[in-house]
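Accompanying notes for the structure given below.
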Amino acid sequence: MNSAVISALANDPVNNTDQKSIIDSIINENRTRPGATMVILNEVQSQIGFISESMQSYIAQTLRVPVSTIHGVVSFYSFFTTQPRGKHTIKFCMGTACYVGGTPQLIEKAKQALGIDMGQTTPDGKITLEVCRCVGACSQAPVIVVDDETLGRVKPSKFPQVVRQCQE
Ligand code: FES
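This is how it looks when you write it as structure tokens:
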């Protein structure tokens, strides 16, 4: 096992006493509720900030459900992440109007500007890039969402300014 893998495992919430006890209490408080899996995953995402592969296995084991069920939910909803998000999140709308209106070009610009791929976070932990579904502002395509702010008619040439604002 290389040192990066060892360090990732050591930092994983299931190997951290405090974070593991948060996960355990979320499971214990919610396991008998209707839709328990979704409730638990939502709470873990909100309180811990992400749901790693080993957290998914732990939750599956504790709830006695197949890990594929947990993985299916986590990978389907963009709200869930398997790694911690950066301080700021920039989401690119992949709805039809935005896709046709230029989201792919914006994504290319973002990847070039930051040197990371969709779903990744810059090494300084400041910016995470993600895609999202239609956010209901189709008339302003292409749309990006920076944290909670929706920006419309974004041109690739405007992207460096968006990055600068996130880095300040
Ligand atoms: S398609 Fe992007 S906001 Fe609707």
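Using this note's numbering, the letters of the sequence shown correspond one by one to residues 25 to 192.
A virtual CB, placed ideally from N, CA and C, is assigned to each residue, including glycine.
Quantities reported herein were computed from a predicted structural model and do not represent experimental measurements.
Tell me whether residue i, by its Cβ, gets closer than 7 Å to a heavy atom of the ligand FES.
i: Gly119; result: yes
i: Val159; result: yes
i: Val155; result: no
i: Arg190; result: Residue identity check: residue 190 is Cys in the sequence provided, not Arg. Not so, every heavy atom of the ligand FES lies at least 7 Å from the Cβ.
i: Ala84; result: no
i: Val63; result: no
i: Ala165; result: yes
Report the rounded CA-to-CA distance for residue i versus residue j, giving the unit in angstroms.
i: Thr146; j: Arg55; result: 35 Å
i: Thr113; j: Thr86; result: 31 Å
i: Val38; j: Glu154; result: 25 Å
i: Glu15; j: Thr120; result: Here the chain comprises residues numbered 25 to 192, so residue 15 is not present and cannot be evaluated.
i: Tyr82; j: Phe100; result: 19 Å
i: Val124; j: Cys158; result: 12 Å
i: Ala28; j: Gln71; result: Summary for Ala28: the model assigns pLDDT 49, below 50, so the residue's position carries little reliability; its value from the coordinates is reported in the next sentence. Straight-line Cα distance between these residues: approximately 25 Å.
i: Asp48; j: Val91; result: 17 Å
i: Gln164; j: Asn40; result: 44 Å
i: Ile46; j: Phe104; result: 17 Å
i: Asn52; j: Arg177; result: 46 Å
i: Leu130; j: Lys179; result: 7 Å
i: Arg188; j: Pro128; result: 21 Å
i: Gln43; j: Asp141; result: 28 Å
i: Gly73; j: Pro108; result: 6 Å
i: Asp36; j: Gln69; result: 14 Å
i: Val167; j: Leu175; result: 6 Å
i: Val169; j: Cys117; result: 8 Å
i: Pro184; j: Thr106; result: 27 Å
i: Gly59; j: Leu65; result: 10 Å
Strictly by DSSP, which residues pair up with residue i?
i: Ile114; result: Leu153 and Val170
i: Thr193; result: Residue 193 is absent from the structure shown; the chain starts at 25 and stops at 192.
i: Leu138; result: None; Leu138 has no bridge partner.
i: Leu130; result: Leu130 pairs with nothing; no bridge assigned.
Could you round the C-beta distance between residue i and residue j to whole angstroms and report it? I think they count as a contact, below 8 Å.
i: Ile94; j: Glu67; result: Rounded, the Cβ-Cβ distance is 14 Å, inconsistent with contact.
i: Met62; j: Val97; result: 7 Å
i: Gly197; j: Ile151; result: The structure shown does not extend to residue 197, since the chain is modelled only from 25 to 192, so the question has no answer here.
Give the range of the alpha helix (DSSP H) segment to which residue i is assigned.
i: Gln69; result: Ala60 to Ile72
i: Ile84; result: Inspection of the sequence shows that residue 84 is occupied by Ala rather than by Ile. Unbroken alpha helix (DSSP H) run through Ala84: Glu77 to Leu87.
i: Ile50; result: Thr41 to Asn54
i: Gln189; result: Phe183 to Gln191
i: Glu121; result: Before going on, a small fix: residue 121 reads as Ala here, not Glu. That run of the alpha helix (DSSP H) goes Thr120 to Gly125.
i: Thr93; result: Val91 to Phe100
Would a check of beta-carbon distances place residue i closer than 8 Å to chain E?
i: Ser102; result: Note that chain E does not occur in the displayed structure, where there is just one protein chain.
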